[in-house]
Amino acid sequence: MWQTQLQQWQQIPAFLTQINWPQWRVIAGMSSAISSVVVLLVQGLKDRVIHRRERRDAALEVAISLEGYARVCRAMMHRADWARDELNRTGNREAVKSAMLPAFLFPEKIQWRRLGHRVVSDLRDFPARIYAGREDLGSFADYGDPVVLCEEVSVECAKAARDALALARETRKKHGCVPWRPGAKDADLNRELLTFISAAEEKRDARRNRQTMSVGPAIISEAAGADSRIALQ
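Residue numbers (this note's numbering): 2 to 234.
In structure tokens form, the structure reads like this:
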């Protein structure tokens, strides 16, 4: 038994001398390179999946904040209507002070670096437009008619809510997020906003036309009076 094993061990050096070692080294090197490429591909795919998920999560945070702001604007529209009715009923201007376009800022936790440059540019322009709208309304409140101010607040809130929903919808679409599924209370929010804005614009145009028609005869009358005075002189 031990003699057979000894003969087998003696044959090993001969077998080793018959192996083409350069060829085996090439095969081993190729296997190592292939393994490295596979590892890099798997890691790259994993990183890409993680990046997509983080980008989608960031876009979802943006959309949710915009949709929440649209709800706040709708609530302010009702408050502005109440303030106008309260002013007409009691003459108390304190109620009007509570009517204002709501401020808006995105949550600080949003990872903007995950989103595209153009998307970030459009999104970050939205709070600036809201700030400008608040400034305009604030200036109008200092000298304008309180009733008209309440109407303007309602219109600006409706426009801000409309734009917020449009941005949220576009952000969800571009980044593969699920569409917004509002509850029964908000199911027709976008349509309601568009209807309200259209009616408000028609009302504003009608008021401007009445003002123009009332100013026209006054100017003509004043011009005629000036001509008669000149003639008397």
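Beta carbons: idealized from backbone N, C-alpha and C, even for Gly.
Practice item. Tell me whether G145 sits in a helix, a strand or coil according to DSSP, three-state version. Key: Within the sequence shown, residue 145 is the residue found at index 144, counting from 1. Residue state, collapsed to three classes: coil.
Review point. Skipping 5 residues on each side, what residues in its chain have a beta carbon closer than 6 angstroms to that of A142?
Key: Counting from 1 along the sequence shown, the entry for residue 142 is found at position 141. L150, listed in sequence order.
Check your understanding: Looking only at its own chain, which residues have a Cβ that is under 6 angstroms from the Cβ of L61, when we skip the five neighbours before and after it?
Key -> Taking the sequence shown and counting its residues from 1, one reaches residue 61 at position 60. Counting only Cβ-Cβ distances below 6 angstroms, and skipping sequence neighbours, we find C178.
Review point. Hey, is M78's beta-carbon within less than 8 angstroms of any beta-carbon in chain C?
Key: Looking at the structure shown, chain C is missing, and only one protein chain is on hand.
Review point. So what does DSSP say about E55, is it helix, strand or coil?
Key: Residue 55 sits at position 54 when you count from the first residue of the sequence shown. Correct three-state label for E55: helix.
Review point. Roughly how many angstroms lie between the CA atoms of A84 and S155, to the nearest whole one?
Key: As a first step, residue 84 must be located in the sequence shown, where it is residue number 83. As a first step, residue 155 must be located in the sequence shown, where it is residue number 154. Cα-Cα distance, rounded: 11 angstroms.
Check your understanding: What is the C-beta distance between I131 and L102, in whole angstroms, given that I count them as a contact (C-beta under 8 angstroms)?
Key -> The count along the sequence shown starts at 1 and reaches residue 131 at position 130. The count along the sequence shown starts at 1 and reaches residue 102 at position 101. Between L102 and I131 the Cβ distance is about 7 angstroms, and since that is below 8 angstroms, they are a contact.
Review point. Looking at A71 and L190, is the spacing between their C-beta atoms short of 8 angstroms?
Key: As a first step, residue 190 must be located in the sequence shown, where it is residue number 189. As a first step, residue 71 must be located in the sequence shown, where it is residue number 70. A contact, by the Cβ cut-off of 8 angstroms.
Review point. Which residues in the same chain as Y158 place their Cβ atom closer than 8 angstroms to its Cβ, once the five residues preceding and following it in sequence are excluded?
Key: Position 157 of the sequence shown, counted from the start, is the residue given in the question as residue 158. In the sequence as displayed, the identity of residue 158 is Cys instead of Tyr. Excluding residues within five positions, the ones whose Cβ falls inside 8 angstroms are C74, R75, M77, M78, A81, L102 and P103.
Point to revise | Close beta carbons around Q112, own chain, < 6 angstroms, minus the five adjacent residues each side | key: Counted from its first residue, the sequence shown places residue 112 at position 111. Correct list, in chain order: A59.
Review point. In three-state DSSP terms, what is N191?
Key: Here residue 191 corresponds to residue number 190 of the sequence shown, with the count starting at 1. The answer is helix: DSSP assigns N191 an H, G or I state.
Exercise for review: Since I believe A165 is in contact with L67 (beta carbons under 8 angstroms), could you give me their beta-carbon distance rounded to a whole number of angstroms?
Suggested key: On the sequence shown, residue 67 is found 66 positions in, with the first residue counted as 1. On the sequence shown, residue 165 is found 164 positions in, with the first residue counted as 1. With a Cβ gap of about 4 angstroms, L67 and A165 count as contacting.
Check your understanding: Can you name, in chain order, every residue of its own chain whose Cβ lies under 7 angstroms from the Cβ of R57, other than the five neighbours on each side?
Key -> The sequence position of residue 57 within the sequence shown is 56, counting from 1. So the list reads H176, G177 and C178, once near-sequence residues are dropped.
Practice item. Return the CA-CA distance between E171 and P147, expressed in angstroms with no decimal places. Key: On the sequence shown, position 170 is the one that residue 171 refers to. On the sequence shown, position 146 is the one that residue 147 refers to. Roughly 36 angstroms between the two C-alpha positions.
Review point. Going by alpha carbons, who is nearest to F107 out of L124, S99 and E95?
Key: Within the sequence shown, the letter at position 106 stands for residue 107. Checking every option, the nearest Cα to that of F107 belongs to L124.
Review point. How is R182 classed by DSSP in three states: helix, strand or coil?
Key: Stepping through the sequence shown from its first residue, residue 182 is reached at position 181. Three-state DSSP puts R182 in coil, outside helix and strand.
Practice item. Take F105 and list the residues in its own chain whose beta-carbon comes closer than 6 angstroms to its own, dropping the five residues that flank it on each side. Key: In the sequence shown, counting from the first residue as 1, residue 105 sits at position 104. Only Y70, P128 and I131 meet the Cβ criterion.
Review point. CB-CB under 7 angstroms to F197, same chain, minus the five flanking residues each way: which ones, in chain order?
Key: Counting from one through the sequence shown, the residue named residue 197 turns up at place 196. Cβ neighbours of F197 beyond the five flanking positions: A159.
Review point. For A201, which residues of its own chain have a beta-carbon under 6 angstroms away from its beta-carbon, when the five flanking residues on both sides are left out?
Key: What you label residue 201 is simply residue 200 of the sequence shown in a count that begins at 1. Cβ neighbours of A201 beyond the five flanking positions: V156.
**Study point:** Beta-carbon separation (whole angstroms), E152 vs L138, contact threshold 8 angstroms
**Key:** As a position in the sequence shown, residue 152 is number 151, starting the count at 1. As a position in the sequence shown, residue 138 is number 137, starting the count at 1. 11 angstroms between Cβ atoms; not a contact.
Point to revise | Close Cβ partners of R115 (< 6 angstroms) along its chain, the five nearest in sequence each way excluded | key: For the purposes of this step, residue 115 is identified with residue 114 of the sequence shown, where counting begins at 1. So the list reads E55, R56 and A59, once near-sequence residues are dropped.
Point to revise | Beta-carbon contacts of A96 that lie in its chain and below 8 angstroms, excluding the five residues immediately before and after | key: To locate residue 96, count along the sequence shown from 1; it is residue 95. Cβ within range, chain order: W83, A84, E87 and L88.
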